[in-house]
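Chemist: Taking mature numbering (1 follows the signal peptide of the UniProt record, and there is no 0), I'd label the letters of the sequence shown as residues -17 to -1, 1 to 249.
I'd like to ask some things about the structure below.
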Amino acid sequence: MSFCFLALLLLCVETRSLVRVSLLCFLPQYWIVQILSSHKVFINYQNTIRMKVSTTPRGSLIVFEGCDRSGKTTQCAKLVESLQAQGEEVKLMKFPDRTTTIGTLINNYLQMSQELDDRVVHLLFSANRWEAIESMKKTLKAGTTLIVDRYAFSGIAYSAAKGLDLEWCRSPDIGLIKPDKVIYLSVNEQIMSERANYGNERYEKIDFQKRVHNIFLQLQEPYWQNVSADGSIDVIHKEINTIVSETIRDSKVKPLLKLWTDGEIL
Ligand SMILES: *[C@@H]1O[C@H](CO)[C@@H](O)[C@H](O)[C@H]1NC(C)=O
């Protein structure tokens, strides 16, 4: 029996892997821990556990941007559905989030029941994103991917299209979580105006949408990807699904970064 313990101990030291050894041997874990508790193998074992905890693969932040009626909402819903079918943990978000107190003010403004200064509107939209940052961070770190329908880029594009300075518009969103991928759905104007329900809210006028589109192009960075929204829903969906599956795979162990500034989201 003591020979058996000795052999076990040597094997542990050799492989530095208590997990593997405990699988090989039928002794209760209690005995193994007792034998090894004063030994560095046990410390290695604890470190391994700690490392595992701190390197839980994170979820990806996927943002959809584009002009009104570009099909973002439809594509977000289809994407969430297909990722879930592939076994991914995934959650859908939408900005503005009209359910919060700030979101209620935004909603009243968008439905034209309230007039507000353009700068106030801009800051409300930004504040509406800051309200969500803690829960977004927690969700991503727990390994859930977030599919977000509009983000800071929309906030800037719409405000700058009204004539506000682009850099002024950008500043309140500096430090939000940087997306792993922005999918930009670009749609030709003819199709844009033909799509249903066009023109019910503020902003939904063709020349305004053209200005918004041009500002989106100015905001593009290497993590953006254009997807033409002119094709059929299913063709567009397939293209998006491929891009997003790759992004989720590639960002699992990358740090979460801040938008437009150095530093990690801790
Ligand atoms: C997206 O398309 C526009 C032209 O519509 C182009 O100027 C821009 O470079 C493209 N961006 C990316 C990331 O491919």
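Ideal placement from N, C-alpha and C gives every residue a C-beta, glycine not left out.
Please read all numbers here as calculations on a predicted model, not as lab measurements.
1) By Cβ distance below 6 Å, which residues in the same chain neighbour lysine 145 in space, the five residues on each side in sequence not counted?
2) Grab me the residues of valine 73's own chain with a C-beta within less than 7 Å of its C-beta, minus the 5 sequence neighbours each way, in chain order.
3) Let me make sure I understand the geometry here. Which of Asn209, Arg52, Leu99 and Pro162 has the alpha-carbon closest to that of threonine 230?
4) When we look at the beta-carbon of serine 211 and count the other beta-carbons within 10 Å, is it buried (16 or more) or exposed?
5) Going along the chain, which unbroken runs of the alpha helix (DSSP H) with 4 or more residues stay wholly within the stretch 60 to 135?
6) Name the DSSP bridge partner or partners of lysine 164?
7) Can you check which of these residues, Asp213, Lys221, Ile226 and Ser215, is closest to tryptophan 207 by C-alpha distance?
8) Taking Cβ positions, are glycine 54 and isoleucine 216 nearer each other than 9 Å?
9) Can you tell me whether tryptophan 151 sits near ligand 1, meaning its C-beta is under 8 Å from at least one heavy atom of the ligand?
10) I'd like to confirm something about glutamine 208: is its beta-carbon nearer than 8 Å to some heavy atom of ligand 1, or not?
11) Got a sec, what are the start and stop residues for the alpha helix (DSSP H) tryptophan 151 sits in?
12) If the criterion is Cβ atoms closer than 9 Å, does the pair glycine 158 and leucine 242 meet it?
Modeler: Reading it off the structure:
1) Asp101
2) Val63, Leu66, Gln67, Thr127, Thr128 and Ile130
3) Pro162
4) exposed
5) 84 to 93, 101 to 113 and 116 to 124
6) Ile45
7) Ile226
8) yes
9) no
10) yes
11) 149 to 153
12) yes
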